[in-house]
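Below: one structure, written as structure tokens.
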Amino acid sequence: MTQPPSTTNTQNPLLTEWSGPFGLPPLPAIAPEHFRPAFERALAAHRAEIDAIAANAGSPSFDNTIVALEKSGRALDRVSNVFFVLAGAHTGDAIEAIEREVSPLLARHSNALYLNAKLYARIAELYRRRDKLGLNAEHARVLDRYHTRFVRAGAALDKPAQDRLAAINERLASLGTQFGQNVLADEKAYALVLEEGDLTGLPDFARAAARAAAEERGHPGKYAITLARSSCESFLQFSARRDLREKVFQAWIKRGENGGATDNRALIAEMVTLRGERAKLLGFATYADYRLDDQMAKTPQAARNLLDEVWGRARAKAAVERDALQKLIAEEGGNFALAPWDWRYYTEKLRKAKFDLDEAEIKPYFQLDKMIDAAFETAHRLFGLTFTPVAVPLYHPDARAFEVKDAQGRHVGLFIGDYFARASKHSGAWMTSLRDQEKLSGDVRPVILNICNFSKPAAGEPALLSFDDARTLFHEFGHALHGLLSNVTYPLLAGTSVSSDFVELPSQLYEHWLEVPEILQKYARHARTGEPMPKALLDRLLATRTFNQGFATVEYTACALVDLDIHALPAAADLDVSKFERDDLDALHMPAEIVMRHRLPHFQHLFSGDGYAAGYYSYMWSEVLDADAFEAFAKTGNAFDPATAQRLRDWIYSAGNLRDPAEAYKAFRGRLPTIDALLKKRGLTIRQQRRSPHNLAARRPLYCHGQ
Ligand SMILES: [Zn+2]
Numbered sequence: 002m003t004q005p006p007s008t009t010n011t012q013n014p015l016l017t018e019w020s021g022p023f024g025l026p027p028l029p030a031i032a033p034e035h036f037r038p039a040f041e042r043a044l045a046a047h048r049a050e051i052d053a054i055a056a057n058a059g060s061p062s063f064d065n066t067i068v069a070l071e072k073s074g075r076a077l078d079r080v081s082n083v084f085f086v087l088a089g090a091h092t093g094d095a096i097e098a099i100e101r102e103v104s105p106l107l108a109r110h111s112n113a114l115y116l117n118a119k120l121y122a123r124i125a126e127l128y129r130r131r132d133k134l135g136l137n138a139e140h141a142r143v144l145d146r147y148h149t150r151f152v153r154a155g156a157a158l159d160k161p162a163q164d165r166l167a168a169i170n171e172r173l174a175s176l177g178t179q180f181g182q183n184v185l186a187d188e189k190a191y192a193l194v195l196e197e198g199d200l201t202g203l204p205d206f207a208r209a210a211a212r213a214a215a216e217e218r219g220h221p222g223k224y225a226i227t228l229a230r231s232s233c234e235s236f237l238q239f240s241a242r243r244d245l246r247e248k249v250f251q252a253w254i255k256r257g258e259n260g261g262a263t264d265n266r267a268l269i270a271e272m273v274t275l276r277g278e279r280a281k282l283l284g285f286a287t288y289a290d291y292r293l294d295d296q297m298a299k300t301p302q303a304a305r306n307l308l309d310e311v312w313g314r315a316r317a318k319a320a321v322e323r324d325a326l327q328k329l330i331a332e333e334g335g336n337f338a339l340a341p342w343d344w345r346y347y348t349e350k351l352r353k354a355k356f357d358l359d360e361a362e363i364k365p366y367f368q369l370d371k372m373i374d375a376a377f378e379t380a381h382r383l384f385g386l387t388f389t390p391v392a393v394p395l396y397h398p399d400a401r402a403f404e405v406k407d408a409q410g411r412h413v414g415l416f417i418g419d420y421f422a423r424a425s426k427h428s429g430a431w432m433t434s435l436r437d438q439e440k441l442s443g444d445v446r447p448v449i450l451n452i453c454n455f456s457k458p459a460a461g462e463p464a465l466l467s468f469d470d471a472r473t474l475f476h477e478f479g480h481a482l483h484g485l486l487s488n489v490t491y492p493l494l495a496g497t498s499v500s501s502d503f504v505e506l507p508s509q510l511y512e513h514w515l516e517v518p519e520i521l522q523k524y525a526r527h528a529r530t531g532e533p534m535p536k537a538l539l540d541r542l543l544a545t546r547t548f549n550q551g552f553a554t555v556e557y558t559a560c561a562l563v564d565l566d567i568h569a570l571p572a573a574a575d576l577d578v579s580k581f582e583r584d585d586l587d588a589l590h591m592p593a594e595i596v597m598r599h600r601l602p603h604f605q606h607l608f609s610g611d612g613y614a615a616g617y618y619s620y621m622w623s624e625v626l627d628a629d630a631f632e633a634f635a636k637t638g639n640a641f642d643p644a645t646a647q648r649l650r651d652w653i654y655s656a657g658n659l660r661d662p663a664e665a666y667k668a669f670r671g672r673l674p675t676i677d678a679l680l681k682k683r684g685l686t687i688r689q690q691r692r693s694p695h696n697l698a699a700r701r702p703l704y705c706h707g708q
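What follows is the structure, encoded as structure tokens:
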């Protein structure tokens with residue numbers, strides 16, 4: 002960050018007002034070298050704003066403290082928003098180098114904000130007097146959220162405790178980075194190099210991928226199976242060589258547990274210990290208590306209650322599935338007990354035999370453009386929105402923009418869809434924004450993006466999706482609507498800024514409309530003939546939804562339970578991680594033929610940073626909500642029931658973080674969610690109930706976000 006500001010001031014497009022169409026930033030004019038000086042100036046500007054608020058000689062008021070904080074840091078928001086859109090969707094060496102440099106700066110900046118004693122004193126005083134300030138509900142919520150954030154970051158502690166907390170955070174950050182790099186190192190170090198004759202059972206796409214992997218690793222003309230999930234899982238699914246499946250599987254589940262420099266077990270023990278200490282400094286008995294306190298679940302017990310409800314049923318269903326697989330082995334003349342490296346292989350065989358479903362037969366019915374239209378029509382029928390393509394300058398020619406209007410023809414915001422995979426894009430699918438909705442600085446309208454990684458077709462060919470891809474498109478579009486429909490005053494509360502066990506509700510719920518027959522019949526049309534999908538094929542497709550769900554639920558739920566258990570340990574300095582995991586799973590009666598989806602030594606959700614530490618349950622928590630929420634429509638017999646849609650909009654999609662999530666859900670549904678719809682969806686009820694026409698709830702486990 003050495004460029005003198007005077008030379009960049011006039012030329013740096015990041016430092017100008019956003020005056021493009023729809024208030025867009027001048028994206029095509031932005032180059033990587035603009036970011037360093039822009040970040041530098043924006044960070045300095047925000048620091049000056051914060052210092053001024055903290056040093057205000059007047060006694061603290063809602064306006065001179067909370068409103069002032071909400072209005073501060075706008076330049077930093079603008080620079081960061083553009084930067085992180087590009088860092089995810091269109092990156093390269095230059096952007097990556099800036100990212101490594103800027104991330105710690107941003108972390109330090111946020112620490113300095115939350116541990117600013119003078120600032121916290123003002124917030125704490127306002128919070129004490131909150132009932133006498135004449136605040137409306139939204140004001141009270143903003144103040145409460147600020148207070149909570151500062152307290153949870155340690156602002157209320159004395160100086161020695163704060164110093165210890167800062168040291169813990171720093172140590173945890175570097176341990177987290179090390180953890181992830183160790184997993185990556187173990188993955189990179191392993192490849193099972195095979196000859197043509199070893200590939201029995203592998204379909205063309207898996208052979209092609211193995212060939213490319215071998216080439217990349219210096220074995221041209223051979224085939225390599227790596228420990229990347231896609232490589233490994235498809236080998237386990239299709240390879241007829243039981244000996245090789247076992248080899249790959251053993252290597253896969255030993256990542257981070259191989260001894261030597263990349264072994265993660267000591268790191269886990271230290272992280273769990275430091276997290277426990279952190280929680281105690283902040284007044285909580287365990288890290289799980291600390292983590293859950295600011296979630297919808299509130300307590301580890303509440304999360305556990307849900308997991309316990311599911312666990313026994315999932316094991317029962319998995320036992321039935323195991324017996325069917327064992328029977329298949331016997332029928333083929335096999336004389337061995339089903340092992341973990343056999344499960345996927347025999348499941349795939351059973352799937353083919355039972356449902357006769359071929360991916361190649363499905364794909365032509367799911368055209369990208371038609372599925373975008375389907376997502377738009379769903380939003381129109383639920384919320385009255387319309388989407389019109391507009392030509393605006395963006396950061397890549399594949400990104401497309403749509404102006405969103407409401408039923409009265411008023412501008413709602415801009416939606417940008419960037420759907421195709423490319424080398425400059427990170428893998429996965431996500432929603433993000435260039436600008437969030439708010440009313441504090443006038444009627445600010447959102448600019449929301451969906452980034453996906455669908456295969457780009459050859460020129461002149463239609464882009465085709467798998468059914469899973471189509472579901473991902475609907476999922477991300479549900480997040481997009483959460484941003485677009487947001488109707489709050491304060492930026493802190495806008496759109497998706499809700500707790501992490503609530504944020505997947507709008508997205509997972511939206512997936513249900515993809516399976517509504519009216520939508521499928523209209524939009525799932527053959528790319529060549531234009532014919533709708535034949536009913537028999539559709540039925541077979543939908544029938545697979547509860548297939549193998551015992552296995553999927555067991556491998557997920559075991560992880561969520563072990564996560565809660567390890568983060569409930571009072572002390573862990575001498576923890577033997579392998580033994581802890583083994584003992585915990587024994588106590589849970591884990592089926593012998595199934596291994597945790599992520600074993601502790603490579604469980605990156607928990608230990609590469611703390612994103613899902615004591616929070617892996619969130620996926621299922623949100624699934625309870627989405628299954629139960631869709632039942633509200635199913636009950637009316639109309640998947641687009643206007644009254645239900647209006648409540649959904651008022652209390653969920655437009656409400657951001659205006660209320661406690663449980664309160665918001667109750668206002669929508671008239672009661673708190675029950676687990677029944679989830680059990681039905683995953684086929685975990687004792688006796689299958691008949692599906693009502695719109696209760697097409699069941700689907701694959703919610704792994705779209707890399708669960
Ligand atoms: Zn999501």
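Every number in the working numbering is 1 more than the matching position in the sequence shown, counting from 1. Don't be surprised by glycine CBs; every beta carbon is placed ideally from N, CA and C.
Cβ-Cβ separation, residue j to residue i (assumed contact under 8 Å), whole Å
i	j	result
R208	L228	Contact doesn't hold; Cβ gap of about 18 Å is too wide.
L395	V405	Not quite, the Cβ-Cβ distance comes to about 16 Å (not below 8 Å), so this is no contact.
N658	L494	4 Å
N454	K426	6 Å
H483	T473	Going by Cβ atoms, the distance from H483 to T473 rounds to 16 Å, so no, they are not a contact pair.
N183	N265	5 Å
P341	V596	5 Å
Where the alpha helix (DSSP H) containing residue i begins and where it ends
i	result
W253	R243 to I254
P161	K160 to A190
F669	P662 to R670
K406	From DSSP, K406 is part of no alpha helix (DSSP H) but of the beta strand (DSSP E) over R401 to K406.
T645	P643 to L649
T686	T686 -> no alpha helix (DSSP H), and no H or E assigned at all.
Start-to-end residues for the beta strand (DSSP E) that takes in residue i
i	result
T389	T387 to V391
G414	H412 to F421
I449	V448 to F455
I226	Y224 to I226
W342	Neither: W342 is in no beta strand (DSSP E) and is coded neither H nor E.
V194	L193 to L195
Residue environment, residue i, which counts as buried when at least 16 other CB atoms sit within 10 Å
i	result
K119	exposed
K682	buried
V504	buried
P301	buried
T433	buried
Q605	buried
M2	Annotation note: pLDDT 40 at M2 (below 50); position unreliable, no value reported.
Whole-angstrom distance between residue j and residue i, CA atom to CA atom
i	j	result
Y666	L562	25 Å
V152	L116	9 Å
R246	Y617	28 Å
A573	K281	14 Å
A678	R37	50 Å
P654	P507	Before going further, note that residue 654 is Tyr rather than Pro in the sequence given. Straight-line Cα distance between these residues: approximately 7 Å.
I373	A141	39 Å
R600	P592	15 Å
G335	T201	17 Å
N10	A408	Here the model assigns N10 a pLDDT of 49, short of 50, so the residue's position is not dependable, and the following value carries that caveat. Distance between the alpha carbons of N10 and A408: 42 Å.
A125	I54	14 Å
S500	A56	31 Å
Q550	V321	11 Å
L185	W652	42 Å
E512	G260	43 Å
L87	D78	14 Å
Beta-carbon proximity check, residue i vs residue j, cutoff 7 Å
i	j	result
K371	Y524	yes
M297	D502	yes
L369	L510	no
P518	R526	no
A315	V555	yes
A289	A39	no
L173	L275	yes
beta-carbon residue i near ligand 3 non-hydrogen atom, thresh 6 Å
i	result
E349	Looking for ligand 3 in the displayed structure turns up nothing; the ligands present are ligand 1.
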